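Novice: Using numbering that gives the first Met the number 0, you'd call the opening residue of the sequence shown number 0 and step up by one each time.
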Amino acid sequence: MANIFSNSVENHILKDERFLYPDYVPEKLPFRDEEIEELVFALKPLSVGKKPTHVFIYGSPGTGKTVSLKFVLKELEEFSDRVKGVYINCFEFSSRHSILAKLTNAFGYPVSERGVSTEEIFDRFVAVLKSKKITPFVIFDEAEQLLNDDSKKLLYDLSRLPEQFKINIGLAFISNDNFFLSKLDDRVRSSLQASSICFEKYTHVELKEILNERAKFAFYPNVLSDGVIGLCAAHASKNNGDARVAIDVLLKSARIAERANSKKIEAVHVRKSFMQEKVVKVELTSTLSEKEKLILDYLTKNNGVDSGEIYSALKNKFAERTLRQAITDLEEKKLIRLEKIQKGKGGFSRVIFKN
Ligand SMILES: Nc1ncnc2c1ncn2[C@@H]1O[C@H](COP(=O)(O)OP(=O)(O)OP(=O)(O)O)[C@@H](O)[C@H]1O
Ligand SMILES: [Mg+2]
């Protein structure tokens with residue numbers, strides 16, 4: 000009997016879909032020249048073993064923070080063999096112990112995570128760095144996961160390496176939380192002296208160009224009907240200017256078009272991909288806790304409320320701590336988003352929107 004996969008659709012639209020994968024690092028990053036230039040300026044001393052400026056990169060989801068840092072890291076390692084980069088996703092590694100073990104491993108000195116004390120690993124890390132003429136550049140992505148006492152101590156240790164051990168190191172922190180630095184202890188913040196770089200949301204026009212650039216490599220020629228890129232960009236623009244959403248919708252639409260045996264991606268395929276997304280959203284919504292549902296209901300009627308207002312409106316229903324947790328959970332599920340909005344002179348407030 001024929002294998003059930005032997006009849007599956009042929010690729011006549013997607014030449015190489017890997018160019019549309021979220022972890023692909025493109026050669027060109029349109030609209031990030033200035034941010035990349037600032038990163039280069041801050042990090043260049045690393046290439047000659049000198050002290051760089053640490054950096055803090057913040058901005059909404061899908062604004063190119065991770066991809067830009069990975070791009071800069073790749074270029075830096077190609078430019079100088081004195082630098083070694085280590086990329087850490089703090090959702091996976093957030094304890095001082097696990098991060099130090101990962102760093103020490105990356106420098107060619109394997110330590111098992113178990114059976115060795117954190118202090119021992121730290122000593123080994125310092126010894127390894129002293130014995131090599133290589134400067135580490137560590138990227139902490141999703142850095143808000145490091146706001147526990149244990150990992151704050153790690154940041155303190157790392158920031159003090161130059162003074163304490165004459166070891167230079169470059170640190171980059173990436174977060175959606177604009178206030179990450181201010182949540183660190185004064186002494187850590189003052190040792191870090193990090194320079195902040197904001198990644199703004201992309202506009203509709205910018206998203207279009209980003210998509211066109213990626214499409215050049217991912218698709219066979221002439222497979223995009225007029226308006227398809229614009230439609231994907233408009234959808235992402237409504238979803239907070241998130242380039243990830245734009246690229247994902249384009250890939251999904253291409254698959255739908257191939258499955259339908261169409262020669263081109265048409266607007267109808269893009270609309271179908273929006274529908275798929277909605278189904279996922281509905282499924283996700285059905286798994287929410289009562290508290291999360293309550294918040295979403297409140298936001299349906301009062302979208303764009305000040306966080307203080309939602310606390311006072313719902314305070315009779317649950318404790319503030321629980322409410323805060325539910326808001327964080329909903330944000331992680333990308334069902335709501337928090338934006339910092341200027342209020343009068345000098346003041347800011349956090350406003351919650353339903354996505
Ligand atoms: N200027 C750009 N040019 C090309 N692709 C881009 C650009 N900006 C972002 N992308 C793509 O958009 C997607 C999301 O980007 P990235 O992962 O860097 O976002 P992020 O800012 O780190 O988001 P989050 O805060 O959710 O982690 C990736 O596929 C990335 O390659
Ligand atoms: Mg990221």
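Ideal Cβ placement from N, Cα and C applies to all residues, glycine included. Note that the structure is a prediction, hence the values are computed from the model and not measured.
Mapping the DSSP letters down to three states, classify L13 as helix, strand or coil.
Specialist: strand
Novice: If you drop the 5 nearest sequence neighbours on each side, which residues of the same chain put their C-beta closer than 8 Å to that of P21?
Specialist: R243, I246 and D247
Novice: Between the C-alpha atoms of N175 and V47, what's the straight-line distance to the nearest angstrom?
Specialist: 31 Å
Novice: Let me check understanding here. Comparing Cα to Cα, which of K271, K207, F352 and R270 lies closest to P29?
Specialist: Minimum Cα distance to P29 is reached at K207.
Novice: Does ligand 1 have a heavy atom nearer than 7 Å to the CB of G240?
Specialist: no
Novice: Is the beta carbon of R81 less than 8 Å from the beta carbon of I133?
Specialist: For R81 and I133, yes; Cβs fall inside 8 Å.
Novice: Got a sec: does ligand 1 put a non-hydrogen atom nearer than 7 Å to the Cβ of R213?
Specialist: R213: yes, Cβ under 7 Å from ligand 1.
Novice: What does the alpha-carbon distance come out to for the pair A235 and E199?
Specialist: About 14 Å.
Novice: With a threshold of 8 Å, are at least 3 pairs of Cβ atoms found where one atom belongs to the region 208 to 218 and the other to the region 8 to 16?
Specialist: yes
Novice: Mind checking which residues open and close the beta strand (DSSP E) that includes A171?
Specialist: G169 to S174
Novice: Report the three-state DSSP secondary structure of S133 (helix, strand or coil).
Specialist: It should be pointed out that residue 133 corresponds to Ile in this sequence rather than to Ser. Note: I133 maps to coil in three-state DSSP.
Novice: Mind listing, in chain order, the continuous alpha helix (DSSP H) runs of no fewer than 4 residues lying wholly within the region 71 to 99?
Specialist: none
Novice: Short of 7 Å in beta carbon distance, which residues of its chain neighbour D184, apart from the five on each side in sequence? Order them along the chain.
Specialist: K151
Novice: I need the DSSP call for L183, collapsed to helix, strand or coil.
Specialist: In this structure, DSSP gives L183 a state outside helix and strand, which the three-state scheme calls coil.
Novice: From G114 to I120, what does the alpha carbon distance come to, in whole angstroms?
Specialist: For the pair G114 and I120, the Cα-to-Cα distance works out to about 10 Å.
Novice: So is L19 buried or exposed if we call it buried at 16+ other beta carbons inside 10 Å?
Specialist: buried
Novice: Candidates V222, K292 and Y86: which alpha carbon is nearest L357's?
Specialist: Summary: the structure shown does not reach residue 357, with the chain confined to residues 0 through 354, and so no result is reported for it.
Novice: Heavy atom of ligand 1 less than 7 Å from the Cβ of T65, yes or no?
Specialist: yes
Novice: Residues in its own chain within less than 6 Å of F55 by CB, not counting five upstream and five downstream?
Specialist: F172, L180, A193 and S195
Novice: Would you call the region 260 to 273 and the region 300 to 318 in contact, with 3 or more CB pairs under 8 Å?
Specialist: no
Novice: For I351 versus I335, is the C-beta spacing smaller than 8 Å?
Specialist: yes
Novice: DSSP puts S285 in a beta bridge; with which residues?
Specialist: Answer by DSSP bridge pairing: none, since S285 is not bridged.
Novice: Going by DSSP, name the residue or residues bridged to F352.
Specialist: R336
Novice: Who are F55's beta bridge partners in DSSP?
Specialist: F172 and S195
Novice: Could you check whether the Cβ of I196 sits closer than 7 Å to any heavy atom belonging to ligand 2?
Specialist: no
Novice: How about the region 88 to 101 and the region 142 to 149: do they share at least three Cβ pairs that are nearer than 8 Å?
Specialist: yes
Novice: I'd like to know if A318 contacts chain C, where contact means its C-beta is closer than 8 Å to some C-beta of that chain.
Specialist: Among the protein chains of the structure shown there is no chain C, as only one such chain exists.
Novice: Using the C-alpha atoms, what's the distance from V204 back to R366?
Specialist: The requested residue 366 is not part of the displayed model; the chain covers only 0 to 354.
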